[in-house]
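Numbering (the working numbering), first residue to last: 13 to 897. Where is the CB? At the ideal position from N, CA and C, for every residue including glycine.
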């Protein structure tokens, strides 16, 4: 099933989006850790290129072990990677990997940032990367993040040299160091555009690949009794959130070391090898703060410090009620000290998604030094968290549905609000006053309750949620320029803060021991799954009527009469019935059995409206559009719901259109294709759209089904890596070939030898050879070979309009029993002949193809369709039955 097809099923009720399943810290572990962090003001920013590049052991050791505000800046969202858990690629994969990083940060305690760079795929060097990314813009983004987060220390995870092995990696190492040098330069990076200047004090590189070069070594395997595990175990759980990349790792116990190499410093010992600490020479404690405060603020600051020491001394994990009063005093006094200190430094902020950033809190006559403001604000935030935890307060906000319709002024007769139950639980030992509660996208709570909530009790109020904008990934709002970087600007907020600003949120304003605290929680649809138990799905604001087609792009045979069902998916988010009229716009040559169709949708229901489309289209690219009319309003927008158990669901919006790639293609005679779907694989759909009979094969059945009924069998990308059953059945597949079958194996892992499945030896270098330029010239070495002539002669035009790359994970040493059909290479590199290999085994044919068909087929590239048709075209030979093994 394609991404869009899966999405369509969700649109019409075929599935339910699940909430991310990372449980938040709570109880003694959360409170004890928060208390331990009071008074620690250090900040560290780590920088790399992709979501799975971060050094989670270092992040966990800093954030969980040393209570350092630690952030990871990934240049990209991993949009150009591969996907082991589904068919999503491109921006949809970027949305998945963004959520995987946020799940990872919830575990290891870090914060998350991104630049606007789009991951366009593998790049071999920095020069190639800069052909896609405008250096000044992406470097400016890194500077914005440095100025927003204001780290004392920066750590680049890559060296910035060719040994990084990936152009994105190299660029991340280069930009991290340049930002370290330039973040304080207000001439090149004016305050009005990039925020107030900031100068980090030290710059390190990760030395995990070269431990002997490290100037600092830390035990990231250190055990934390409060957490009940080591920081490396925490990091391993964090790392294992990268499920789309297959990066699950063991949570090993015992000493494990992290390695860093100091590359630049403005403080600390001149000899980097003499350093004893990451922060040597940097005062990250409270000792220096009183001297930086104005005299009027010092008394309040001192009172806060005394109260915090009192709270730490009186803390008992089994009964934290004794520290509520000192925490309240500390919070009140520190807020007063911050208020008396002056105005905060200016920061960039965006009021609404898609709007340009503006300056927030422009300094007055006596602005606070940024480092001082950060220290005070961080401690205020930690005190608020500690106070709520110590008081035993919990807030929940639940809604009857996971979607709320966006209000459209023209629709006056629809119900576009949704009741939300906001419940405040007092599980502590002292009463708490509930001042107000609100459920919306605003930042304030209404003071309209004034209820004194006794110990061990709860109160619930109902508020009505009204949404004016759809909940959508903020970075996609303005699209991309040149396909290589997003246009929605950054501001001072981290990724979690920006996403939370677009989610329907409930806020309860409380008074705990006389101090006001606002608790904000996402509004969720909560239900019990019979297998998974408690499920909490964040509520999203969606169009009242959404409309979408099954795919973004589809193939169709050019110049041949076709008859195809066009399925249009519509979904209502309204709690009452809605009559919707659907119409479609077809390209020249195609006609439908009716101009429009009306459907009555029940409350919150969806439907599939099917049009029978007939006709003939010329070769080329054509477009189909669909519109939905409801209550005098036209909708042309749909959304793809991306949902997996380990991440929060995402809805990706797009126009309700479909591109038809009309291809001149001849079909193989009497073809019946068996297809084992691989990772990120659109092959089955492409073959069906070309009118070739194809039957998906469940991997577990390979050992028992009759293979002889297939003229060809195709193994999708990374099928051996995705399905152990395919490895177990490999001998039977090769036997199928010997008996006259045609087996097409698409590219495998970095080193296919670990599966020992190829009929003759192939060898891969590390890293494996790739041709990353989608425009790289292709030389046909065997122009008369049947795979390149029958039934379609593959010519120069078939290599045009490819996307992202030509071939990946190509073998470099090839047994002479294979025939190499193609040669290609990236500029200034050696020729590669591992793109398309074929050999005869017995009476049959074995094909190994590393061409990036998995990227071309979803994009409707004509040459990929013609080539795939040839690959599955077997000689008309009867295939005797292969025995079960």
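State the beta-bridge partners of residue 84 as determined by DSSP.
Beta-bridge pairing links residue 84 to 58, 124.
Using a Cβ-Cβ cut-off of 7 Å (strictly less than) and excluding sequence neighbours within five positions of residue 129, which residues of its own chain qualify?
Hits under 7 Å: 87, 88, 145, 150, 497.
Restricting to Cα atoms, I'd like to know which of 833, 879, 839 is closest to residue 814.
Comparing Cα-Cα distances from residue 814 to each of 833, 879, 839, the minimum goes to 879.
Residue 877 to residue 622 span [Cα, whole Å]
Computed Cα separation, rounded: 26 Å.
Under the three-state DSSP convention, the category residue 642 falls into
When DSSP states are grouped into helix, strand and coil, residue 642 belongs to the strand group.
Out of 164, 810, 152, point me to the one whose CA is closest to residue 834's CA.
When each option's Cα is compared against that of residue 834, the closest is 810.
Per DSSP, cross-strand counterpart(s) of residue 550
The secondary-structure analysis by DSSP pairs residue 550 across a beta bridge with 536.
Three or more C-beta pairs below 8 Å linking the stretch 477–489 and the stretch 652–669
With the cut-off at 8 Å, the stretch 477–489 and the stretch 652–669 touch.
In chain order, what residues of the same chain have a beta carbon less than 7 Å from the beta carbon of residue 382, not counting five sequence neighbours either side?
Taken in chain order, the residues that qualify are 162, 208, 210, 357.
Run through the DSSP bridge pairs and tell me what residue 270 is partnered with.
As DSSP reads the structure, residue 270 sits in a beta bridge with 230.
Evaluate contact between the stretch 234–253 and the stretch 273–281, counting only Cβ atoms and requiring at least three cross-stretch pairs below 8 Å.
When Cβ pairs closer than 8 Å are counted between the two stretches, the stretch 234–253 is seen not to touch the stretch 273–281, the count staying below three.
Compare the beta carbon distance of residue 838 and residue 784 with 8 Å and say whether it is the shorter of the two.
One thing to note: residue 838 has its Cβ within 8 Å of the Cβ of residue 784.
Mind checking residue 491: buried by the 16 CB within 10 Å criterion, or exposed?
Burial call: exposed.
Restricting to runs no shorter than 3 residues, where is the beta strand (DSSP E) found entirely within the stretch 776–821?
Runs of beta strand (DSSP E) with 3 or more residues, each lying fully within the stretch 776–821, are found at 781–783, 790–792, listed in chain order.
In the DSSP assignment, what are the bridge partners of residue 355?
Partner(s): 379.
Where residue 898 and residue 683 are concerned, what is the direct C-alpha to C-alpha distance, given to the nearest angstrom?
This structure cannot speak to residue 898, because the chain is shown only from 13 to 897.
Within 10 Å of its beta-carbon, does residue 680 have 16 or more other beta-carbons around it, so buried, or fewer, so exposed?
Residue 680 should be labelled buried.
Between which two residues does the beta strand (DSSP E) carrying residue 708 extend?
Residue 708 -> beta strand (DSSP E) spans 705–708.
Do residue 862 and residue 820 have their C-beta atoms within less than 8 Å of each other?
Closer than 8 Å, so yes.
Taking Cβ positions, are residue 632 and residue 669 nearer each other than 8 Å?
Not a contact, by the Cβ cut-off of 8 Å.
Would you be able to state if there are at least three C-beta pairs under 8 Å between the stretch 323–339 and the stretch 386–402?
The stretch 386–402 vs the stretch 323–339: in contact.
Contact set for residue 201: own chain, Cβ-Cβ below 7 Å, skip 5 residues either direction
Answer for residue 201: 152, 155, 194, listed in chain order.
Cβ-based neighbour list, residue 189, same chain, cut-off 8 Å, excluding 5 preceding and 5 following
Result list for residue 189: 168, 172, 215, 275, 276, in chain order.
Over what stretch of residues does the alpha helix (DSSP H) that includes residue 742 continue unbroken?
Here the alpha helix (DSSP H) through residue 742 covers 742–750.
Terminal residues of the continuous beta strand (DSSP E) containing residue 754?
Its beta strand (DSSP E) spans residues 754–758.
Would you mind sorting residue 764 into buried or exposed? The rule is 16 or more other CB atoms within 10 Å of its CB.
Counting other Cβ atoms within 10 Å of its Cβ, residue 764 reaches 16 or more and is therefore classed as buried.
For residue 852, which beta-bridge partners are listed by DSSP?
DSSP, once it has assigned bridges, lists 857 as partnering residue 852.
For residue 442, which option in 582, 78, 469 has the closest C-alpha, if you only look at C-alpha atoms?
In terms of CA proximity to residue 442, 469 leads the group 582, 78, 469.
3 or more residues per run - each beta strand (DSSP E) lying fully within the stretch 190–261
If we require 3 residues or more, the beta strand (DSSP E) runs fully inside the stretch 190–261 come out as 214–218, 228–231.
Using only the heavy atoms of the ligand PLP, determine whether one of them is closer than 7 Å to the beta carbon of residue 486.
Among the components of this structure there are no ligands whatsoever, and the ligand PLP is therefore not found.
Going by DSSP in three states, residue 617 sits in which element: helix, strand or coil?
Coil.
The alpha helix (DSSP H) enclosing residue 155, as first and last residue numbers
DSSP places residue 155 inside the alpha helix (DSSP H), whose first and last residues are 147–161.
Would the stretch 734–741 and the stretch 793–805 be scored as touching if the rule is three or more Cβ pairs under 8 Å?
As far as the Cβ criterion goes, the stretch 734–741 does not touch the stretch 793–805, which means the pair count is below three.
Using the Cα positions of residue 596 and residue 644, report the straight-line distance between them to the nearest angstrom.
For residue 596 and residue 644, the gap between their C-alpha atoms comes out near 17 Å.
Distance CB(residue 127)-CB(residue 180) smaller than 8 Å:
Between residue 127 and residue 180, the C-beta gap is not smaller than 8 Å, which leaves the two residues out of contact.
Complete runs of the beta strand (DSSP E) confined to the stretch 429–494 [at least 3 residues]
As far as the stretch 429–494 is concerned, its whole beta strand (DSSP E) runs of at least 3 residues are 429–438, 444–452, 463–465, 469–478.
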